[in-house]
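Worksheet: the structure to be examined is printed underneath.
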Amino acid sequence: MAARRGPARPARVGTIGGVPSFTARVDITHLPGVADPAGATVERALPALGYTNVSQVHVGKTIRLVVDAPDADAARAQVEEMCERLLANPVIEAYEVTVT
Amino acid sequence: MSARVGVVQFPGTNCEQDVVWAFEQLGARAEILWHGDATTRGADAVVLPGGFAHGDYLRTGAIARFSPVMRAVAEHAAAGGPVIGICNGFQVLCEAHLLPGALQRNAGMRFLCETVEVRVETTTTPLTRLARPGQVLRIPINHFEGNYVCDAATLARLRDEDRVVVRYVDNPNGSLDDIAGVCNEGRNVVGLMPHPERASDALLGSADGLVMLRSVLAAVGVPA
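Sequences listed follow chains A and B, in order.
When you line the first sequence up against the working numbering, it's residues 1 to 100, in that order.
When you line the second sequence up against the working numbering, it's residues 1 to 224, in that order.
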């Protein structure tokens, strides 16, 4: 898990109307056991370039967003809720939220 | 009385006219339901056609799930009304949790556009009630994300409850257990990747989809 940082850290994006804002990064990956066709295709392509020592290639996606929230914990909780409701599909995907 | 079929159109849907045409050929009244209107306008059956709803951004069906019309579709389904999701419509129904599982990119990472054979596995759904059990139908597929996945417990339930509606004879996309279509617990919501409306006239190469379209009309009380 990524380290949590308080609102006073320099990574804070800014303050809008007195409410601090935070950058959040969401890393979305396939759940273990769910096939990853893109990763498998990349893994098959790499040896053609001479990279024969590669395995477990995984292709996921990253979503970055800025959230206005009272503190980092509140920002994280809200982004996790967004993941459950929209950003990820919990049937096939796992997600990890990093707030800075 | 002709059956009324509501065909949902999201921004990016592109098969709605084909579905309307195919049902009208069979004597039904079909009308487009715009995604922004939270009503099914009294339709007897609702179809979510293929396409790229909301551009398929984020995931197929992920944004469409929140369109106002989906509240009405969910109410129609909860009341036992037939809901059929074709291709992108199947993806939308999964994202909306009206059907279990999810559809991800095809194994092999190829967009597939071809006519495939599917086997009817159950006839107790509004999409298959006029078909014979085990009947093989030639119907086109046209998708990049048709690779059906669900967890082991869900798959066991689908099998135990006879909810796999159609299976591929020769699995083209890596779908779990060769699944081409499933239904919900109430058996009134069905999703499938093949496009029966594109197999609705011999001129299109196959008329095998007609039995599915006629089944939908029969399910809402129109004699076959």
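Ideal placement from N, C-alpha and C gives every residue a C-beta, glycine not left out.
Checklist entry - How should residue 125 of chain B be labelled, buried or exposed, when 16 other C-beta atoms within 10 angstroms of its C-beta is the threshold for buried? => result As a first step, residue 125 of chain B is located in the second sequence; it is residue number 125 there, counting from the start. It counts as buried.
Item to check | Interface positions of the stretch 31-44 of chain A facing chain B (Cβ-Cβ less than 7 Å), listed along the chain | outcome: 34, 35, 37, 38 and 41
Item to check | Extent of the continuous beta strand (DSSP E) to which residue 253 of chain B belongs | outcome: In the structure displayed, chain B extends from 1 to 224; residue 253 of chain B sits before or after that span and is not available.
Item to check | Short Cβ contact (7 Å threshold) for residue 28 of chain B with residue 217 of chain B | outcome: Mapped onto the second sequence, residue 28 of chain B falls at position 28. Mapped onto the second sequence, residue 217 of chain B falls at position 217. Contact flag set, yes.
Next on the checklist: List, in chain order, every chain B residue whose beta-carbon is nearer than 8 Å to that of residue 89 of chain A.
Outcome noted: One-based indexing of the first sequence puts residue 89 of chain A at position 89. Near residue 89 of chain A (Cβ distances below 8 Å), the residues of chain B are 59, 62, 95 and 102.
Item to check | Contact with chain A by residue 129 of chain B, beta-carbon distance below 7 Å | outcome: Translated into the one-based positions of the second sequence, residue 129 of chain B becomes position 129. No, residue 129 of chain B lies away from the interface with chain A (no Cβ there is under 7 Å from its Cβ).
Checklist entry - Which chain A residues sit within Cβ distance under 9 Å of residue 146 of chain B? => result The residue labelled residue 146 of chain B in the question sits at position 146 within the second sequence. Result: empty, since nearest Cβ-Cβ is about 11 Å, beyond 9 Å.
Checklist entry - Alpha carbon to alpha carbon, how far is residue 135 of chain B from residue 119 of chain B? => result As a first step, residue 135 of chain B must be located in the second sequence, where it is residue number 135. As a first step, residue 119 of chain B must be located in the second sequence, where it is residue number 119. Computed Cα separation, rounded: 6 Å.
Next on the checklist: Just to confirm the assignment: which complete beta strand (DSSP E) runs, minimum length 3, are found wholly within the stretch 69-101 of chain B?
Outcome noted: 83-86
Next on the checklist: Can you tell me whether residue 54 of chain A is helix, strand or coil according to DSSP?
Outcome noted: By 1-based counting over the first sequence, the position of residue 54 of chain A is 54. Coil at residue 54 of chain A, not helix or strand.
Checklist entry - With distances taken between CB atoms, is the gap from residue 137 of chain B to residue 208 of chain B smaller than 7 Å? => result On the second sequence, residue 137 of chain B is found 137 positions in, with the first residue counted as 1. On the second sequence, residue 208 of chain B is found 208 positions in, with the first residue counted as 1. Cβ atoms of residue 137 of chain B and residue 208 of chain B: closer than 7 Å.
Next on the checklist: Please tell me whether residue 105 of chain B has its Cβ less than 7 Å away from any Cβ of chain A.
Outcome noted: Taking the first residue of the second sequence as 1, we reach residue 105 of chain B at position 105. Judged by the 7 Å Cβ criterion, residue 105 of chain B is in contact with chain A.
Item to check | Rounded separation between residue 214 of chain B and residue 84 of chain A - CA only | outcome: Residue numbering aside, residue 214 of chain B sits at position 214 when the second sequence is read from its first letter. Residue numbering aside, residue 84 of chain A sits at position 84 when the first sequence is read from its first letter. Roughly 38 Å separates the two Cα atoms.
Checklist entry - I think residue 111 of chain B touches residue 144 of chain B, with their Cβ atoms under 8 Å apart; what is that distance to the nearest whole Å? => result Position 111 of the second sequence, counted from the first residue, corresponds to residue 111 of chain B. Position 144 of the second sequence, counted from the first residue, corresponds to residue 144 of chain B. About 4 Å; that satisfies the 8 Å criterion.
Checklist entry - Taking 7 Å as the CB-CB limit, is residue 92 of chain A close to chain B? => result To locate residue 92 of chain A, count along the first sequence from 1; it is residue 92. By this cut-off, residue 92 of chain A is an interface position.
Item to check | the stretch 58-74 of chain A / the stretch 15-29 of chain B touching (three or more Cβ pairs under 8 Å) | outcome: no
Item to check | the stretch 159-168 of chain B / the stretch 61-81 of chain B touching (three or more Cβ pairs under 8 Å) | outcome: no
Checklist entry - For residue 91 of chain B, which residues from the same chain have a beta carbon less than 7 Å from its beta carbon, with the 5 sequence-adjacent residues on both sides left out? => result Translated into the one-based positions of the second sequence, residue 91 of chain B becomes position 91. So the qualifying residues of the chain are 60, 61, 103 and 145.
Next on the checklist: Whole angstroms are fine: how far does the CA of residue 40 of chain A sit from the CA of residue 58 of chain A?
Outcome noted: Here residue 58 of chain A corresponds to residue number 58 of the first sequence, with the count starting at 1. Here residue 40 of chain A corresponds to residue number 40 of the first sequence, with the count starting at 1. Distance between the alpha carbons of residue 58 of chain A and residue 40 of chain A is about 7 Å.
Item to check | Under 8 Å from the C-beta of residue 1 of chain B: neighbouring residues of chain A | outcome: Working through the second sequence from its first residue, we reach residue 1 of chain B at position 1. Near residue 1 of chain B there are no residues of chain A at all, since even the closest Cβ is about 40 Å away, more than 8 Å.
Checklist entry - Enumerated in chain order, which unbroken segments of the alpha helix (DSSP H) with a length of 4 residues or greater are wholly contained in the stretch 18-99 of chain A? => result 37-45 and 72-82
Checklist entry - Going by DSSP, which residues form a beta bridge with residue 176 of chain B? => result If you number the second sequence from 1, residue 176 of chain B lands on position 176. Answer by DSSP bridge pairing: none, since residue 176 of chain B is not bridged.
Checklist entry - Of all the options A:19, A:22 and A:29, which has the alpha carbon lying nearest to the alpha carbon of residue 102 of chain A? => result For chain A, the structure presents residues 1 to 100; residue 102 of chain A sits outside this window and is missing.
Item to check | Amino acids of chain A, ordered along the chain, whose beta-carbon sits closer than 9 Å to that of residue 113 of chain B | outcome: Mapped onto the second sequence, residue 113 of chain B falls at position 113. Here the premise fails: no neighbours, minimum Cβ distance about 17 Å.
Checklist entry - First and last residue of the beta strand (DSSP E) that includes residue 45 of chain B? => result Counted from its first residue, the second sequence places residue 45 of chain B at position 45. Taken as a continuous stretch (DSSP letters only), the beta strand (DSSP E) holding residue 45 of chain B covers 45-48.
Checklist entry - At a CB-CB cut-off below 8 Å, which residues of chain B make contact with residue 65 of chain A? => result Along the first sequence, read from residue 1 onward, the residue named residue 65 of chain A stands at position 65. Chain B residues near residue 65 of chain A: none, gap ~13 Å exceeds 8 Å.
Next on the checklist: Quick check on residue 52 of chain A: buried or exposed, where buried means 16 or more other Cβ atoms within 10 Å of its Cβ?
Outcome noted: Start at 1 with the first residue of the first sequence, and residue 52 of chain A comes out as number 52. When all chains shown are included, residue 52 of chain A counts as exposed.
Checklist entry - How many angstroms separate the CA atom of residue 186 of chain B from the CA atom of residue 22 of chain A? => result By 1-based counting over the second sequence, the position of residue 186 of chain B is 186. By 1-based counting over the first sequence, the position of residue 22 of chain A is 22. Using only the alpha carbons, I get a separation of about 44 Å.
Item to check | Supposed contact pair residue 198 of chain B and residue 192 of chain B - C-beta distance, whole angstroms, cut 8 Å | outcome: Walking along the second sequence from the start, residue 192 of chain B turns up at place 192. Walking along the second sequence from the start, residue 198 of chain B turns up at place 198. With 8 Å as the limit, residue 192 of chain B and residue 198 of chain B do not qualify as a contact, their Cβ atoms being about 12 Å apart.
Item to check | Nearest-angstrom Cβ-Cβ length linking residue 45 of chain B and residue 8 of chain B, presumed shorter than 8 Å | outcome: As a first step, residue 45 of chain B is located in the second sequence; it is residue number 45 there, counting from the start. As a first step, residue 8 of chain B is located in the second sequence; it is residue number 8 there, counting from the start. Their Cβ separation, rounded to whole angstroms, is 11 Å, which puts residue 45 of chain B and residue 8 of chain B out of contact at 8 Å.
Checklist entry - What does residue 189 of chain B pair with, by DSSP beta-bridge criteria? => result Mapped onto the second sequence, residue 189 of chain B falls at position 189. Paired residue(s): B:83.
Item to check | Host beta strand (DSSP E) of residue 31 of chain B (start-end) | outcome: By one-based count along the second sequence, residue 31 of chain B stands at place 31. Counting along the chain, the beta strand (DSSP E) containing residue 31 of chain B begins and ends at 29-34.
Checklist entry - For residue 155 of chain B, which of helix, strand or coil comes out of DSSP? => result Position 155 of the second sequence, counted from the start, is the residue given in the question as residue 155 of chain B. Residue state, collapsed to three classes: helix.
Item to check | Within-7 Å CB hit, residue 164 of chain B to chain A | outcome: Counting from 1 along the second sequence, the entry for residue 164 of chain B is found at position 164. Residue 164 of chain B does not count as touching chain A.
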